[in-house]
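Before any comments, here is the structure.
Residue numbers (my numbering), protein chains in the order written: chain V, 21 to 134; chain B, 306 to 417.
Structural data, given as structure tokens:
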């Protein structure tokens, strides 16, 4: 059972456009929602994260929107650049479960074309 | 300064062999992890150690055995390698359980 569903699987955006990646979760105990960015041949790196006490978090061109009632969260990349081309993973974990295990979405391959 | 390092970066071996992947972190973190990333890029937790003690042990074959000699190292030993073990294995660490995880560069394992 996949606990974090991510879409789309791949995304092509023109330079300067907005990239939007969506995730939905099932476990209401999840209370930490990070996004990771992975370049080819590299390990994933934390991009931005949110906790459910806020509905939005912005860091530079990257924004997480969080909808607790719908159990959904999304990543918005404003003014997308070719250097943003990478695979993006949403994830979720639950401190309440005691294990803090990160459950990852299946990833979205973003290509930003000039 | 490499924060989380893994060796080797590439590992090509025959079915049935036994191999080890080493991981070291110089961040002073208490918690370390092993993940498997398959050919479709899906990332799945395998093991987690906190202060050298096993805290997460997902359903993986018992051919996989992690070993943590100290807080800075978490090695992964794999016995009797199978074709399906081919994947990229990532080590990660975090200051404490539940904190941000920092990933190593990965080890691409190919079993022939």
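For glycine and all other residues, C-beta sits at the position ideal for the given N, C-alpha and C.
Short CB-CB distance (under 8 Å) between residue 333 of chain B and chain V: Interface residue (Cβ-Cβ distance to chain V less than 8 Å): residue 333 of chain B is not classified as such.
Secondary structure, beta strand (DSSP E): runs of 3+ residues fully inside the segment 46-74 of chain V: Those beta strand (DSSP E) runs which fall completely within the segment 46-74 of chain V and span 3+ residues are 53-58 and 65-70.
Considering just the uninterrupted stretch of the beta strand (DSSP E) at residue 334 of chain B, what are its terminal residues? Counting along the chain, residue 334 of chain B falls outside any beta strand (DSSP E), and DSSP gives it neither H nor E.
Taking the alpha-carbon positions, what's the residue 415 of chain B to residue 74 of chain V distance? Answer to the nearest angstrom: the Cα atoms are 43 Å apart.
Please compile the residues from chain V whose C-beta is within a distance smaller than 9 Å of the C-beta of residue 410 of chain B. From the beta-carbon of residue 410 of chain B, the residues of chain V found nearer than 9 Å are 61, 62 and 63.
Residues of its chain near residue 337 of chain B, where Cβ-Cβ distance is below 6 Å and the 5 sequence neighbours each way are ignored: Closer than 6 Å at the Cβ level, and outside the excluded window around residue 337 of chain B, lie 354, 379 and 398.
What did DSSP end up calling residue 316 of chain B once you bin it into helix, strand or coil? In this structure, residue 316 of chain B counts as strand in the three-state DSSP scheme.
How many angstroms separate the CA atom of residue 114 of chain V from the CA atom of residue 100 of chain V? The straight-line gap from Cα to Cα measures roughly 31 Å.
Would the beta-carbon of residue 381 of chain B fall within 8 Å of that of residue 374 of chain B? No, the Cβ-Cβ distance between residue 381 of chain B and residue 374 of chain B is not below 8 Å.
Cβ closer than 8 Å: which chain B residues qualify as neighbours of residue 107 of chain V? Those within 8 Å of residue 107 of chain V in chain B are 346.
Do you know whose CA, among V/30, V/122 and V/82, lies nearest residue 53 of chain V's CA? For the options V/30, V/122 and V/82, the alpha carbon positioned closest to that of residue 53 of chain V is the one of V/122.
Alpha carbon to alpha carbon, how far is residue 66 of chain V from residue 102 of chain V? Give it in angstroms, no decimals. Each residue's alpha carbon lies about 19 Å from the other.
N-terminal and C-terminal residue of the beta strand (DSSP E) that residue 405 of chain B is part of: Residue 405 of chain B: not part of any beta strand (DSSP E); DSSP gives it neither H nor E.
Going straight from the alpha carbon of residue 326 of chain B to that of residue 407 of chain B, what length do you get? Their Cα atoms are separated by approximately 17 Å.
Per-residue burial, residue 29 of chain V [other beta carbons within 10 Å of its own, 16 or more giving buried]: Exposed, since its Cβ has fewer than 16 Cβ neighbours within 10 Å.
When the Cα of residue 55 of chain V is compared with those of V/98, V/83, V/49 and V/38, which residue comes out closest? For the residues V/98, V/83, V/49 and V/38, the minimum Cα distance to residue 55 of chain V belongs to V/83.
Give the interface partners of residue 364 of chain B over in chain V, defined as CB-CB distance under 7 Å, in chain order. The premise fails here: residue 364 of chain B is roughly 13 Å from chain V at the closest Cβ pair, so nothing lies under 7 Å.
Using a Cβ-Cβ cutoff of 8 Å, what residues of the segment 69-101 of chain V are near chain B? List them in chain order. Correct list: 69.
With distances taken from CA atoms, which of B/334, B/386 and B/316 is nearest residue 366 of chain B? Of B/334, B/386 and B/316, the residue nearest in Cα terms is B/386.
For residue 45 of chain V, which residues in the same chain have their Cβ closer than 7 Å to its Cβ, ignoring the five residues on either side in sequence? Listed in chain order, the non-local C-beta contacts of residue 45 of chain V below 7 Å within the same chain comprise 23, 24, 91 and 112, local neighbours out to five positions each way being set aside.
Buried/exposed call for residue 64 of chain V, threshold 16 Cβ in 10 Å: Buried is the call here.
Within-8 Å CB hit, residue 369 of chain B to chain V: For residue 369 of chain B, no Cβ of chain V is located within less than 8 Å of the residue's own Cβ.
Quick test of your reading: residue 130 of chain V and residue 105 of chain V, contact by CB under 8 Å. State the CB separation rounded to the nearest angstrom. Yes, residue 130 of chain V and residue 105 of chain V are in contact; Cβ-Cβ is about 6 Å, under 8 Å.
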